[in-house]
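Undergrad:
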Amino acid sequence: MKLRRKNLTAFMAGTAMLGAFGFAVPAFAADSGPIKIGVIGEESAVAGASITKAAQLAADDINKAGGIDGRKIQIITYDDHSSATDAVRAFQRAVKQDHVVAVVASYISEVALAIEPWAARLHTPFITPGAASTLISKNVHDNYDKNKYTFHGYVNSAFLADAICAFSKDELVDKFHMKTAAIMSEDAAWTTPLDAEYAKCLPKAGLKVVDHIRFNPDTTDFTPIFNKIEGEHPDVIETGISHVGVQPTVQWHDQQVPIPMSGQSSQATTSTFWKDTNGAAEGVLTYTAATPGVALSPKTIPFADAYQKKFGATPAYDGYASYDAIEVIADAIKRAKSTDPDKMVAAMEKTDLVGTQGRIQFYGKDSEYTHALKYGPGLVTGLFIQWQDGKQVPVWPANVAKAKIKFPSFVKLPLASN
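First residue of the sequence shown? That's 33 in the numbering used here, and the numbers climb one at a time after it.
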């Protein structure tokens with residue numbers, strides 16, 4: 033017993049000396065097991081299938097670099113089948129049974145909004161890498177103490193509309209002399225603020241809104257919708273589509289609608305869209321977080337290349353955001369030296385790292401978009417791509433553009449276009 037006491041005393045003294053010289057091991061690192069992060073995706077959805085795949089790539093990269101103070105990240109994936117109910121069940125299972133320390137989940141705003149109160153109840157940091165509704169971050173702003181666990185890893189709908197309007201001004205108005213637009217959006221939580229901002233920023237960009245159509249996401253026949261839009265003779269259709277994408281694009285092409293489609297088409301952000309539409313995507317314009325071949329940061333191209341090599345397709349927009357979300361969580365744990373949720377949240381609020389989308393920071397308590405991803409020059413701005421000859425070609429902004437915009441022969445442009 034005396035010998036053990038002596039050894040214990042020596043050990044404690046040695047530990048104190050290590051601490052004095054800054055070599056103390058963080059308390060959370062005493063557990064040699066992996067740090068578990070839950071990732072909930074929509075595996076059968078064109079846009080949602082990238083979430084879990086990209087998250088695993090991020091974890092692999094972090095683990096190859098030594099993990100978090102020697103501890104590996106373990107990604108545990110779940111499929112919510114695009115169902116808010118299934119997503120909540122997956123979130124509960126992830127936290128209560130699988131003991132994850134944080135969750136990355138969903139590109140669907142209704143799903144993210146269903147998870148948000150559970151992140152509050154279970155005190156679990158939660159990042160959505162694709163949902164865009166401004167209500168997600170507004171809930172954090174309105175009740176910070178309760179909802180502080182939720183973060184927005186992709187630009188919200190208001191910023192999305194502003195980016196689309198900026199593109200429309202620079203390209204469609206200034207270069208193609210377009211003057212009128214019809215808004216065509218699926219009826220969903222994310223498009224309510226998108227359309228509201230469209231109504232404000234499109235006229236400022238020089239596009240008079242001549243029609244505004246919101247359709248049920250279960251719509252299968254878009255012929256009446258396109259007929260109505262054609263009757264108003266707009267120069268461009270500004271879209272807000274994510275749950276749908278293939279069907280309206282195919283019918284736009286097959287019906288030879290003489291009006292270009294531009295805006296947000298989430299499914300068009302992945303390379304599988306060309307095959308899914310059998311080439312009908314030719315000429316479609318969409319905003320996206322990032323795209324292969326464009327170095328929005330030093331991480332963009334390596335990630336996109338690795339994703340395509342492993343999965344045989346390019347990531348959708350939320351794939352980039354999902355990769356960044358895992359890095360945000362890992363970075364926060366490392367800086368907090370803890371997996372305590374409140375300490376993680378405090379560290380996540382101070383995030384300032386280079387991600388695949390650009391420089392990642394979050395808005396603070398004073399912003400109406402608390403914990404939303406910061407948008408703007410030097411941060412995250414995104415870009416516009418156009419489908420040309422089977423490829424996603426960056427066309428805006430000018431510093432990343434690799435080609436000029438060109439439209440299918442059936443599209444009729446204003447006579448003054450050059």
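Backbone N, C-alpha and C define an ideal beta-carbon position, used for all residues, glycine too. All values derive from a computational prediction rather than experimental measurement.
#1: Identify whether Phe442 lies in helix, strand or coil by the three-state DSSP scheme.
#2: If we ignore side chains and look at the alpha-carbon of each, how far apart do Leu234 and Val316 end up?
#3: Figure out for me which residue from Gln124, Ala433, Ala126 has the closest Cα to the Cα of Thr323.
#4: Just the Cα atoms here: how many angstroms apart are Ala152 and Val172?
#5: Which residue from Ile67, Gly65, Lys68, Gly73 puts its Cα closest to that of Ser354?
#6: Hey, would you say Ala313 sits closer than 8 Å to Tyr352, going by beta carbons?
#7: Taking all protein chains shown into account, do 16 or more other C-beta atoms lie within 10 angstroms of the C-beta of Gly54, making it buried, or fewer, making it exposed?
#8: What's the C-alpha gap between Asp177 and His403?
#9: Closer than 7 Å to a non-hydrogen atom of the ligand SAM - does that hold for the CB of Asn188?
#10: Identify every residue that forms a DSSP beta bridge with Tyr319.
#11: Output the residue ranges of the beta strand (DSSP E) runs that lie fully inside the region 319-405 and measure 3 residues or longer, sorted by chain position.
#12: With H, G and I counted as helix, E and B as strand and the rest as coil, what does DSSP make of Gln451?
#13: Can you tell me whether Asp337 is buried or exposed? The criterion is at least 16 other CB atoms within 10 Å of its CB, across all chains shown.
#14: Could you spell out the range, first to last residue, of the alpha helix (DSSP H) harbouring Glu148?
#15: Just to confirm before moving on: does the CB-CB distance between Ser82 and Asp253 stay below 8 Å?
#16: Are at least three pairs of beta-carbons, each pair with one atom in the region 199-217 and one in the region 268-277, less than 8 Å apart?
#17: Nearest CA to the CA of Pro462: which residue from Gln389, Pro429, Ile100, Gln420?
#18: Within 10 angstroms of its Cβ, does Glu400 collect 16 or more other Cβ (buried), or is it exposed?
#19: If we require 4 or more residues per run, which alpha helix (DSSP H) segments fall completely within the region 200-253?
#20: Taking the alpha-carbon positions, what's the Leu239 to Asp227 distance?
#21: If you run the structure through DSSP and keep just helix, strand and coil, what is Lys423?
#22: Measuring CB atoms only, is the region 129-142 touching the region 151-170, in the sense that at least three cross pairs come out at less than 8 Å?
#23: State the DSSP-derived secondary structure class of Ala61, mapped to helix, strand or coil.
#24: Would you mind working out which of Gly422, Leu405, Lys406, Ala435 sits nearest Phe416, comparing C-alpha positions?
#25: With three or more C-beta pairs closer than 8 Å as the rule, is the region 362-373 touching the region 108-124?
#26: Tell me where the alpha helix (DSSP H) around Val127 begins and ends.
#27: Straight-line CA distance for Phe439 to His285?
#28: Determine the direct distance from the alpha carbon of Thr332 to that of Asn431, and round the result to whole angstroms.
#29: By a C-beta neighbour count over all protein chains shown, 10 Å radius and 16 as the cutoff for buried, is Ser441 buried or exposed?
#30: Ignore the nearest five residues each way along the sequence and tell me which others in Ala122's own chain have a CB closer than 7 Å to its CB.
#31: Just to confirm, is the Cβ distance from Ala91 to Tyr339 under 8 Å?
#32: Out of Gly387, Ser141, Lys444, which one is the CA nearest neighbour of Val289?
#33: Give the secondary structure of Ala87 by DSSP, where H, G and I count as helix, E and B as strand, and everything else as coil.
#34: With 16 other CB atoms within 10 Å as the buried threshold, where does Ser64 fall?
#35: Consult DSSP for Ser298 and reduce its assignment to one of helix, strand or coil.
#36: Considering just the uninterrupted stretch of the alpha helix (DSSP H) at Gly263, what are its terminal residues?
TA: Let me lay it out:
#1: coil
#2: 19 Å
#3: Ala433
#4: 10 Å
#5: Gly73
#6: no
#7: Its pLDDT being 37, under 50, Gly54 is placed unreliably in this model, and the coordinates cannot settle the point.
#8: 13 Å
#9: The ligand SAM is not among the ligands present in this structure, which contains no ligands whatsoever.
#10: Phe416
#11: none
#12: Limits of the chain in this structure are 33 at one end and 450 at the other, which puts residue 451 out of reach.
#13: exposed
#14: 141-153
#15: no
#16: yes
#17: What is shown of the chain runs 33 to 450, which leaves residue 462 out entirely.
#18: exposed
#19: 223-237
#20: 14 Å
#21: strand
#22: yes
#23: Residue placement at Ala61 is flagged as unreliable, the pLDDT there being 48, under the threshold of 50; the coordinate-derived value follows with that caveat. Helix at Ala61.
#24: Ala435
#25: no
#26: 116-128
#27: 12 Å
#28: 15 Å
#29: exposed
#30: Ile72, Tyr110, Asp112
#31: no
#32: Lys444
#33: helix
#34: exposed
#35: helix
#36: 255-264
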